[in-house]
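Novice:
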Amino acid sequence: MNENKDKQLKLKEVVVPSLVLFLFVDLYIIGVYLVSNNCDVNLKAWLLGSLFLSFPTLVASHMIKNFIGSTYAILFELIATLLGFIWMVFGSVQLNLTATCQSQSPLLWWTVFVSVTTFWCSVAGMVVSLTIVSLVSFYYNNK
Numbered sequence: 001m002n003e004n005k006d007k008q009l010k011l012k013e014v015v016v017p018s019l020v021l022f023l024f025v026d027l028y029i030i031g032v033y034l035v036s037n038n039c040d041v042n043l044k045a046w047l048l049g050s051l052f053l054s055f056p057t058l059v060a061s062h063m064i065k066n067f068i069g070s071t072y073a074i075l076f077e078l079i080a081t082l083l084g085f086i087w088m089v090f091g092s093v094q095l096n097l098t099a100t101c102q103s104q105s106p107l108l109w110w111t112v113f114v115s116v117t118t119f120w121c122s123v124a125g126m127v128v129s130l131t132i133v134s135l136v137s138f139y140y141n142n143k
C-alpha cells in the first residue's frame, strides 16, 4: 500500500509542476496575442492554433480515452500529432514570408520564432539520438 502512495506522490511531484509550467506558457501566449499588433502575415492566428493544440488537446484525449476507449484516444493523439507537425510547418513558412513583422510586432515574432525553432531543434535532436541508438545497437549485435 505504501508503494502505491509513494508512486502517486512521485507522480504528483512531476505532473503538478508540469501543468503549472504549461499554464504559464499558455497564459504568456494569450498575453502576447492580446498585446501584439497585426503584421503582414497572420502570426496571431498561429498563436491561437498553437494554444488550441496544447492543453485542450490533452484534455480532449483524456476524455476520449475515458468515454470512448483507448483505441480512439490513440487515433486522436496520432491525428493531433500530425496536425501539430503541420502547424509547425505553417508557422515556419509564415515566419519566412514576413517582411515587417519583426519590426512591427517584435514580441509576437520572437514568440513564434522561439516556439518553432525549439520544435525543430527538438525534432532534429530526436532524429540524431534515434540514429545513434540504432547504430550502436546494430554495432553491438553484430559483434
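Residue numbers (full-length UniProt numbering): 1 to 143.
Heads up, the beta-carbon is just placed ideally off N, CA and C, and yes, glycines get one too.
Taking Cβ positions, are F76 and W46 nearer each other than 8 Å?
Specialist: Against the sequence shown, residue 76 aligns to sequence position 76. Against the sequence shown, residue 46 aligns to sequence position 46. No, the pair does not count as a contact, with Cβ atoms beyond the cut-off.
Novice: Roughly how many angstroms lie between the CA atoms of L82 and L53, to the nearest whole one?
Specialist: Working through the sequence shown from its first residue, we reach residue 82 at position 82. Working through the sequence shown from its first residue, we reach residue 53 at position 53. Cα-Cα distance, rounded: 11 Å.
Novice: What did DSSP end up calling L48 once you bin it into helix, strand or coil?
Specialist: Numbered from 1 along the sequence shown, position 48 holds the residue referred to as residue 48. It is helical.
Novice: Report yes or no: do the segment 87 to 105 and the segment 30 to 49 share at least 3 C-beta pairs separated by less than 8 Å?
Specialist: yes
Novice: Could you give the distance in angstroms between the alpha-carbon of Y33 and the alpha-carbon of D6?
Specialist: As a working note, residue 33 is residue 33 in the sequence shown. As a working note, residue 6 is residue 6 in the sequence shown. Each residue's Cα considered, the two are about 41 Å apart.
Novice: With L135 as the anchor, note down where its alpha helix (DSSP H) starts and where it stops.
Specialist: In the sequence shown, counting from the first residue as 1, residue 135 sits at position 135. Per DSSP, L135 belongs to the alpha helix (DSSP H) from P106 to N141.
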